[in-house]
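Encoded as structure tokens, the structure appears first; notes follow it.
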Amino acid sequence: MRRGNLIIGLMISFLSGAYLSSGISVASTILDIPAIGADKLKHELYEGPPMVCANALSPIEFQDLTIRGSVNIPSSRVKDNPNLPEDKGELLVFFCKGLPT
Amino acid sequence: MIRMVNYPKVRIPLIHPSQVMKKLNELTILDIGGEELNKIGQFKRGNVIHIPMDDLEDDYNKLPKDRTLVITDVMGKQEQIAGRFLWMKGYRKLLAMKGGGRAWFDTVRVLKRIQTEEAPIGTKKFKETEKQVKEKIKAEPKEKKKKNRSAPW
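Keeping their order, the protein sequence lines are chains D and P.
Under the working numbering, the first residue of the first sequence carries the number 1, and numbering increases by one thereafter.
Under the working numbering, the first residue of the second sequence carries the number 1, and numbering increases by one thereafter.
Put into structure tokens, the structure is as follows:
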């Protein structure tokens with residue numbers, strides 16, 4: 001069954017790569033965003049170079065409880081958000097609630 | 001961790017989707033699921049107000065204070081905090097949909113099946129058919145998946 005799924009996945013990526021070369025590049029970039037652990041984030045946020053730690057929840061939840069030093073960028077308002085870092089080379093970490101998958 | 005606003009520590013009572021269905025005329029569904037819940041299904045029954053969770057802070061004025069609001073998100077995770085915010089703003093008639101929008105759409109699916117078999121709500125027949133239909137729905141998607149997997153080869 002797993003092998004079947006893998007083959008289907010490869011076929012889909014091959015077909016979409018053939019027809020939508022731009023689309024597949026976007027998809028692969030999204031999947032490649034790495035995860036950061038809590039300890040490392042704490043170190044980067046309070047001791048490392050400037051970075052942006054963004055809470056992707058709503059303003060209501062952001063005001064209730066958030067990480068010290070984080071900003072609010074709701075998931076539906078990411079585009080042109082003023083809280084995004086001006087320097088695109090800066091580390092940008094998003095978090096919300098729940099366990100990572 | 002930092003807390004900017006202390007929302008009142010109230011627990012919004014949960015209501016089961018089937019209870020909402022029975023009292024549909026007395027209740028107003030507040031859909032805070034936004035785009036994500038819209039992908040799962042569309043509300044086609046009752047009074048529904050759509051305000052995504054991200055916009056609730058700005059647009060809560062649009063909500064009526066005299067009607068009972070059933071707060072509904074995607075999975076039932078954000079309902080309590082939304083309810084506590086609305087409580088702070090003076091809303092008192094609040095309920096939270098148990099299991100969120102997913103549970104609601106599941107219930108709607110079950111009810112559609114039962115209604116075709118003509119068993120009124122509250123009777124023994126209704127409960128029996130409800131059980132049968134739920135089992136049928138559970139069994140069906142697996143069969144479909146099997147068909148899809150074997151089809152290309």
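Glycine residues also receive a C-beta, built at the ideal position from the N, C-alpha and C atoms.
Remember, it's a predicted structure, so these values are computed and weren't measured experimentally.
Under the DSSP definition of a beta bridge, V71(D) partners with A54(D). Those residues of the region 63-79 of chain D placed with their C-beta closer than 7 Å to a C-beta in chain P are Q63, D64, L65, T66, I67, R68, P74, S76 and R77, ordered along the chain. Taking a 10 Å sphere around the C-beta of T72(P), we find 16 or more other C-beta atoms and assign the residue as buried. Put simply, of K134(P), L63(P), R11(P) and I51(P) the residue whose alpha carbon is nearest the alpha carbon of I114(P) is K134(P). Under the 10 Å beta carbon count, P8(P) is surrounded by fewer than 16 other beta carbons and is classified as exposed. Against E57(P), the close residues of chain D are S58, P59, I60 and Q63, in the order they occur along the chain (beta-carbon pairs closer than 9 Å).
Straight-line spacing of the CA atoms in G76(P) and K125(P) works out to 30 Å. Between P50(D) and E57(P), the C-beta gap is not smaller than 7 Å, which leaves the two residues out of contact. For A82(P), the C-beta contacts it makes with chain D under 7 Å involve I60, in order along the chain.
When the five nearest sequence neighbours on each side are left out, the beta carbons in the same chain lying within less than 7 Å of the beta carbon of E26(P) are those of T68, in order along the chain. In this structure, M53(P) lies near Q78(P), with their beta-carbon atoms less than 7 Å apart.
Straight through space, the alpha carbons of R92(P) and K65(P) are spaced by roughly 8 Å. In the same chain as V70(P), and ignoring 5 residues on each side of it, the C-beta atoms closer than 8 Å to its own belong to I15, V20, L27, T28, I29, L30, L95, A96 and M97, in chain order. Judged by DSSP secondary structure, D31(P) falls within the beta strand (DSSP E) whose first and last residues are L27 to D31. In this structure A82(P) touches I32(P) by the C-beta definition: roughly 6 Å separates them, less than 8 Å. In the structure shown, the three-state DSSP call for H16(P) is coil. Counting only residues of its own chain and dropping the five nearest sequence neighbours on each side, S70(D) has a CB closer than 6 Å to the CB of C53 and N55.
If you draw a straight line from the Cα of F62(D) to the Cα of G122(P), it is about 43 Å long.
Counting every other CB atom within 10 Å of its CB across the protein chains shown gives P13(P) a total below 16, marking it as exposed.
Around the beta-carbon of I2(P), fewer than 16 other beta-carbon atoms lie within 10 Å, marking it exposed.
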